[in-house]
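J.:
There are 2 protein chains.
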Amino acid sequence: MDVTKNNFAAVFSDITKAIEDADFLAIDGEFTGLDTPQVGHVTFYDTPEERYQKLRKGSTDFLLIQFGLAAFTYDDETKSHTAKLFNFYVFPRPYTRQAPDRRFLCQSSSIDFLASQGFDFNKLFRDGIPYLTLADETQLRETIRSKHKDYSQFSSPAFMSPFGADPGPSKGPVCVPDEHKEFIADVGNKVAKFLEQDAEDTLQLPPCGGFPRKLIYQTIRLKFSSSLHLETKSGEKKERYIVITKIKGEDDMKAKEQAKQNAELNELDDAVGFCKVTRLLSQSGKLIVGHNMLLDVLHLINQFCIHLPKEYEEFKSLTRCVFPRLLDTKLMASTNPLKNHIHNSTLGDLKKILEYSPFTKPKVDLPEEFSRYSGNEHLHEAGYDAYITGLCFISMSNYLGSCQNPPKEYIPPKSQLIEPFINKLFLMRVSDIPYINLSGADLQMSREHVFHITFPKEWKTSDIHELFSPYGNIQISWLDDISAFVSLYKKDNAQAALKGLSAKNSVYRVVTYEAYKKEISPKRDVPVSRKRSSEDVDIDMANKKRKSLNVQLKPAILEDKKQEKNGNNSSGRHSDKKAQGDANDDQGDNKMETGEKLFDESENWD
Amino acid sequence: MDVTKNNFAAVFSDITKAIEDADFLAIDGEFTGLDTPQVGHVTFYDTPEERYQKLRKGSTDFLLIQFGLAAFTYDDETKSHTAKLFNFYVFPRPYTRQAPDRRFLCQSSSIDFLASQGFDFNKLFRDGIPYLTLADETQLRETIRSKHKDYSQFSSPAFMSPFGADPGPSKGPVCVPDEHKEFIADVGNKVAKFLEQDAEDTLQLPPCGGFPRKLIYQTIRLKFSSSLHLETKSGEKKERYIVITKIKGEDDMKAKEQAKQNAELNELDDAVGFCKVTRLLSQSGKLIVGHNMLLDVLHLINQFCIHLPKEYEEFKSLTRCVFPRLLDTKLMASTNPLKNHIHNSTLGDLKKILEYSPFTKPKVDLPEEFSRYSGNEHLHEAGYDAYITGLCFISMSNYLGSCQNPPKEYIPPKSQLIEPFINKLFLMRVSDIPYINLSGADLQMSREHVFHITFPKEWKTSDIHELFSPYGNIQISWLDDISAFVSLYKKDNAQAALKGLSAKNSVYRVVTYEAYKKEISPKRDVPVSRKRSSEDVDIDMANKKRKSLNVQLKPAILEDKKQEKNGNNSSGRHSDKKAQGDANDDQGDNKMETGEKLFDESENWD
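Line by line, the protein sequences are chains A and B.
Everything in the first sequence is counted per the working numbering, starting at 2 for the first residue and increasing by one.
Everything in the second sequence is counted per the working numbering, starting at 2 for the first residue and increasing by one.
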């Protein structure tokens, strides 16, 4: 079911129960964008830590705007699952003037892609569920408390004391500019009439701007230092107007103020909104399954819990703390024995593949209220993607069970069979390291067959191929116009290539991957001691941007959002190279340099 | 009428004619956000140049997404105007993979405000008109030319030469990973069958990911080095698939390639999109009227013409060059003799005020196809706001005419009476300088009665008032938690205040405005020699952010977008001060520090 601000409170207990009852949970997110290439291209030879840093800096200024949650429960008797599906629209509408007013990035191609999939942006912006992280909530609660305390000391911010208590130093007489005199006089007459008659207890003034409102406050206080309570309210179209209420003595005043204060605290509670869901998810400690879920996890933590730490190891322990048990179905599908039977691990295709032999389509019941997805494809809608991610997980787990001796019919989420996949997040398009290991050290792979090459900016793919042609087939991962990583298909040729190409020469320069890393390491260790705030995210981005000024961006190709999650690592200045690259489409090239997202999987080419 | 990508080409000639025929043009824009306070709060004491720099850095990462154009023509016989109204939805959809994929900022409160006004974001993102600046267009045209040239040298990027021409160095045999073998074999069979039969000339393969597509290209080339043309196309949902076409000899091949190249050039032409409108506006040289139009002008130039220059004087001459004749109705309404009769210059209110004595409601005919706005309020829809801006201009001009001796009934846009307003852009909430003068030096005002004060962060509004109380009423413009500008209502007290407060003391520090400016000027003159690219805009923003880390933002209050255009200059850490400020709502405070947009006009308080 779709969950917006309109039904969030009503269905929250259902969500809570669904999570409580679930054997495992599947999730998915949709974002306003994926990457800002200026923070550094992702490359085939990113280490897990480098990739984390690139995503932290280049992806977290975008927003998660739709969140899918599928809660799966297994029934031993019917040997089938039941799934409850929630598709949340999430938008950080500032709930009051005090609440954070977020600035966030959008990527045109991502917005265009979501629009082409029928994403309802009007629903998002009009009815999205707001949220406040614990830090935001705490600060706002403190602000409200302090205001309420001030009130008890002085007077209500919006209250004209009927008892002459001075709410602060006086600043002289009311000064009404000429052009406002008629308007203010008019309001004065209205209020006088309102005070004379008994029929109405409140008077709503017509909407007006802030300055006239200020004049009204001033004037009414001077003219009618009697029992009047003034409050500014907002209409449906954000127009603001003053409501004047008659006060019947001090008790009435206190009661009105108390009611107002309670309403403010309730409003704050409502504003926590979607963060209540992520808190439930976290507290459940249950297995959470996602497909190519690294970006989902980063956004969930950064947007709804706490800013991602600068330190990679800190990120790992934070993630274990927030989500103690994660599993990435893309990693599962890319690992043997499953990989042998899966030619395409893009979510939509994976689901189909897993419905046929040697896999078995799982039996899953959707209760009536969650049946919108039964029989219909809604790819790239977070709720649907979460649902089919769960289906894929069940199919793949059961396949692992069927390989046992004797075969097992059902593999529970706590089975030892899936333990090898726990807390490992798939790394998109990294050549040799398939995942981030949240629960331990990352894999370290020999990169002795990988070289860093610098060359004239006129060079194209074919020039690099020609240079390396004596050493067999190569894979190129462009870094910018004048440099790239090159890896040999035949690792045994590494020594020969180094010998043949590393001699000094004025046109190009070839060094080993290791030597290159050593060279750049001092530059990369700029100390950043400050704490990240919600608004400083793109400082790092901007710093990096300096290095790639005038680099024009190419659209990410969003054939498959999952395929896209690690973004686009190409620049427009490669366009000539791209043309050449396309011409070589059949040449076994690594297409990383063309701006195309050709690889669905992290392919090992050797 | 609404103009989207669906009817843009069809109505473009109407737009051209409307501009050609017009006596004057009125415009308005809607944006995804207004300001990033981190680049520096706007203050009551910004100089015009400072304000320009703050807006350039803090506002131009947002997008103009809706543009209103009202073309007014006066008919001497009927003594009335005719208006043609266009409401453009504008969105930078990347039209190809080579086109720029823009990252842009959104401000939650602005999006929320537009949504509450019924703005149709689905229409924007699905049907918005794309655009390419001249620089983008030139670069893309060059890319396409270079690709076409490469083709004539080698072969089409997507063409498998039937004559064995080698499109580049060969990289060995096709290596199909096990899991793809079945799929590729299947495609091979399909293609073989397709070649055998004569019925169809083209074969559309099912959509698949980039890596399988690459394998298909490779395989088909090896297996069928015959007359086949392969091209990758995109479906409605962005899925990509290969279309194979039979080629009947070299001429057919050339014709097909020529047709494809022509299509590419036409596509580029279409992609220029909305920039064609801004080019028409610019070339017309006609009077362009806007209401509080500084941000509109900045966005129009930056987004559709050329990046805003770092140098303020360069901005002025650039603007005169792009839009030689501008007039801001908010400035007109805030200037005597008009100001005397106008208590509120917010656009919607202004329109109403100008319909009654001493003003006259202008007679304007709307042709049938533009009549959607007749009789209906659509405030904050760019087309409507442009329309009523034009109405306001006519009313105010005619009023100026009526003050003449003898009175003039009609004031043409070239009249000497409006000349004093030409090329002066209203400055929102600057205390003493009402406008940016594009055609000359800006006004310089004495700020001898203005002080800069630094104080402990516990201080609230009332503490500052108390400190200055011997010198009469003051206006406070907060800079951050620990500093503010303070100006005296009674300028004559300036010397006394300076004498009384500027002595060294450990709690606070008061210096003159002038002294403060001298102090900070070296810091402000960080040389930035690089040229701005579309993607480096927030570098400056981020630099500034460092100064205000951990400052939490408050929502801009969008009662009136125009009122808002200069954004929100408050920080959450003032929240305690704010509470106090609210309590003092009737104290004649300057509310700048409370995060509220109280001032509709740039008020002179003395």
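Every residue gets a Cβ at the ideal spot worked out from N, C-alpha and C, and that includes glycine.
Mark A504(A) as exposed unless 16 or more other C-beta atoms lie within 10 angstroms of its C-beta, in which case mark it buried.
T.: Locating residue 504(A) in the first sequence gives position 503, counting from the first residue. Classification of A504(A): exposed, given that the 10 Å Cβ count is below 16.
J.: Using a Cβ-Cβ distance cut-off of 8 Å, determine whether G376(A) contacts chain B.
T.: For the purposes of this step, residue 376(A) is taken as residue 375 along the first sequence, with counting starting at 1. No, its Cβ sits nowhere closer than 8 Å to a Cβ of chain B.
J.: Looking at the C-beta of A264(A), does it have a partner C-beta in chain B at a distance below 8 Å?
T.: By one-based count along the first sequence, residue 264(A) stands at place 263. Taking Cβ atoms only, chain B never reaches closer than 8 Å to A264(A), which makes this a no.
J.: In the DSSP assignment, find the alpha helix (DSSP H) that holds H181(A) and state where it starts and stops.
T.: As a working mapping, residue 181(A) is identified with position 180 in the first sequence. 179-197 is the span of the alpha helix (DSSP H), which, as asked, contains H181(A).
J.: Given this structure, state the Cα-to-Cα distance separating K191(A) from N438(B), to the nearest angstrom.
T.: Along the first sequence, read from residue 1 onward, the residue named residue 191(A) stands at position 190. Along the second sequence, read from residue 1 onward, the residue named residue 438(B) stands at position 437. Straight-line Cα distance between these residues: approximately 42 Å.
J.: So which residues on chain B does G189(A) lean against when the C-beta distance must stay under 8 Å?
T.: Your numbering for residue 189(A) matches position 188 in the first sequence. Near G189(A) there are no residues of chain B at all, since even the closest Cβ is about 14 Å away, more than 8 Å.
J.: Hey, could you find the ends of the alpha helix (DSSP H) Y388(A) is sitting in?
T.: Residue 388(A) sits at position 387 when you count from the first residue of the first sequence. 383-403 is the extent of the alpha helix (DSSP H) around Y388(A).
J.: Roughly how many angstroms lie between the CA atoms of S117(B) and H379(B), to the nearest whole one?
T.: As a working note, residue 117(B) is residue 116 in the second sequence. As a working note, residue 379(B) is residue 378 in the second sequence. S117(B) and H379(B): Cα-Cα distance of roughly 12 Å.
J.: For L106(A), which residues in chain B fall below 9 Å Cβ to Cβ?
T.: The sequence position of residue 106(A) within the first sequence is 105, counting from 1. Residues of chain B passing the Cβ test: D62, R104, F105, L106, C107.
J.: Between which residues of its own chain and F305(B) is the CB-CB distance below 7 Å, once the five residues before and five after are set aside?
T.: For the purposes of this step, residue 305(B) is taken as residue 304 along the second sequence, with counting starting at 1. Cβ within range, chain order: Y132, T134, F275, C276, T279.
J.: Taking the alpha-carbon of I289(A) as reference, which of L206(A), D329(A), N337(A) has the nearest alpha-carbon?
T.: Locating residue 289(A) in the first sequence gives position 288, counting from the first residue. Here the closest residue by C-alpha is D329(A).
J.: How big is the Cα-Cα spacing for I477(A) and G250(B)?
T.: Position 476 of the first sequence, counted from the first residue, corresponds to residue 477(A). Position 249 of the second sequence, counted from the first residue, corresponds to residue 250(B). Cα to Cα, I477(A) sits roughly 35 Å from G250(B).
J.: If you draw a straight line from the alpha carbon of S375(B) to that of K239(B), how long is it in whole angstroms?
T.: Residue numbering aside, residue 375(B) sits at position 374 when the second sequence is read from its first letter. Residue numbering aside, residue 239(B) sits at position 238 when the second sequence is read from its first letter. If you take the alpha carbons of S375(B) and K239(B), they lie about 40 Å apart.
J.: Is the region 88-106 of chain B close to the region 103-115 of chain A, with three or more CB pairs under 8 Å?
T.: The region 88-106 of chain B is in contact with the region 103-115 of chain A.
J.: What do you get for D252(A), buried or exposed, if any count of 16 or more other CB atoms within 10 angstroms of its CB means buried?
T.: Counting from one through the first sequence, the residue named residue 252(A) turns up at place 251. With fewer than 16 Cβ atoms within 10 Å of its Cβ, D252(A) is classed as exposed.
J.: Could you check how far apart the C-beta atoms of K85(A) and P368(A) are, in whole angstroms? I think they sit under 8 Å.
T.: Indexing the first sequence from 1 puts residue 85(A) at position 84. Indexing the first sequence from 1 puts residue 368(A) at position 367. So it is a contact: roughly 7 Å between Cβ atoms.
J.: Around the C-beta of N293(B), are 16 or more other C-beta atoms found within 10 angstroms, so that it is buried, or is it exposed?
T.: Residue 293(B) sits at position 292 when you count from the first residue of the second sequence. With 16 or more Cβ atoms within 10 Å of its Cβ, N293(B) is classed as buried.
J.: Counting only the same chain and skipping the five closest in sequence on each side, list residues whose C-beta sits under 6 Å from that of L26(B).
T.: Locating residue 26(B) in the second sequence gives position 25, where the first residue counts as 1. Counting only Cβ-Cβ distances below 6 Å, and skipping sequence neighbours, we find A72, K287, I289.
J.: Look up L380(B) in the DSSP assignment and give the residues it is bridged to.
T.: Numbered from 1 along the second sequence, position 379 holds the residue referred to as residue 380(B). Looking at the DSSP assignment, L380(B) forms no beta bridge with any residue, so it has no partner.
J.: Under 8 Å between the Cβ atoms of I130(A) and F89(A)?
T.: Sequence index remark: in the first sequence, residue 130(A) carries index 129 (1-based). Sequence index remark: in the first sequence, residue 89(A) carries index 88 (1-based). The answer is yes: Cβ separation under 8 Å.
J.: Under three-state DSSP, which class holds C306(B)?
T.: Taking the first residue of the second sequence as 1, we reach residue 306(B) at position 305. Coil at C306(B), not helix or strand.
J.: Taking the alpha-carbon of L65(B) as reference, which of E258(B), D36(B), S81(B) has the nearest alpha-carbon?
T.: Translated into positions along the second sequence, residue 65(B) becomes position 64. Nearest C-alpha to L65(B): D36(B).
J.: Assign V451(A) to buried or exposed, taking buried as 16 or more other Cβ atoms, counted over all protein chains shown, within 10 Å of its Cβ.
T.: Position 450 of the first sequence, counting from 1, holds the residue named residue 451(A). Buried, by the Cβ-count rule.
J.: Taking the straight line between their C-alpha atoms, what separation do you get for M254(A) and D464(B)?
T.: Working through the first sequence from its first residue, we reach residue 254(A) at position 253. Working through the second sequence from its first residue, we reach residue 464(B) at position 463. Computed Cα separation, rounded: 28 Å.
J.: Looking only at C-alpha atoms, which of I20(B), G384(B), H82(B), Y96(B) sits nearest to V365(B)?
T.: Here residue 365(B) refers to the residue found at position 364 when the second sequence is read from its first residue. If we check each option's Cα against that of V365(B), H82(B) comes out closest.
J.: Can you have a look at E560(B) and say buried or exposed, based on whether 16 or more other CB atoms are within 10 angstroms of its CB?
T.: For this step, residue 560(B) is matched to residue 559 along the second sequence. Caution applies to E560(B), whose pLDDT of 33 falls short of 50 and renders its modelled position unreliable; the value that the coordinates give is listed next. The residue is buried, with at least 16 neighbouring Cβ atoms inside 10 Å.
J.: Measuring only the C-alpha atoms, how far is V323(B) from Q284(B)?
T.: Sequence index remark: in the second sequence, residue 323(B) carries index 322 (1-based). Sequence index remark: in the second sequence, residue 284(B) carries index 283 (1-based). Answer to the nearest angstrom: the Cα atoms are 8 Å apart.
J.: Tell me the DSSP secondary structure of L269(B) in three-state form.
T.: As a position in the second sequence, residue 269(B) is number 268, starting the count at 1. Helix at L269(B).
J.: Whose Cβ in chain B lies nearer than 8 Å to the Cβ of N399(A)?
T.: The residue labelled residue 399(A) in the question sits at position 398 within the first sequence. In chain order: nothing, as chain B lies at least about 19 Å away.
J.: Are there three or more Cβ pairs, one per stretch, closer than 8 Å when the region 211-228 of chain A is compared with the region 177-191 of chain A?
T.: Yes, they touch.
J.: With a threshold of 8 Å between beta-carbons, can G210(A) be considered close to chain B, or not?
T.: Here residue 210(A) is taken as the residue at index 209 of the first sequence, counted from 1. Answer yes: the Cβ-Cβ gap between G210(A) and chain B drops below 8 Å somewhere.
J.: With 8 Å set as the bound, which would you pick, yes or no: does the beta-carbon of I16(A) sit closer than that to a beta-carbon of chain B?
T.: Numbered from 1 along the first sequence, position 15 holds the residue referred to as residue 16(A). Taking Cβ atoms only, chain B never reaches closer than 8 Å to I16(A), which makes this a no.
J.: Out of E265(B), G34(B), A497(B), E197(B), point me to the one whose CA is closest to T144(B)'s CA.
T.: As a working mapping, residue 144(B) is identified with position 143 in the second sequence. Comparing Cα positions, the closest option is E265(B).
J.: Relative to chain B, which residues along the region 321-351 of chain A have a C-beta separation below 8 Å, given in chain order?
T.: The region 321-351 of chain A vs chain B, Cβ under 8 Å: K340, N341, H342, I343, H344, N345, T347, D350.
J.: Would you tell me roughly how many angstroms separate the C-alpha atoms of T320(B) and N8(B), rounded to the nearest one?
T.: In the second sequence, counting from the first residue as 1, residue 320(B) sits at position 319. In the second sequence, counting from the first residue as 1, residue 8(B) sits at position 7. If I take the Cα positions, the gap works out to 30 Å.
J.: Going straight from the alpha carbon of N341(A) to that of A334(A), what length do you get?
T.: The sequence position of residue 341(A) within the first sequence is 340, counting from 1. The sequence position of residue 334(A) within the first sequence is 333, counting from 1. Near 9 Å, if we compare the C-alpha coordinates of A334(A) and N341(A).
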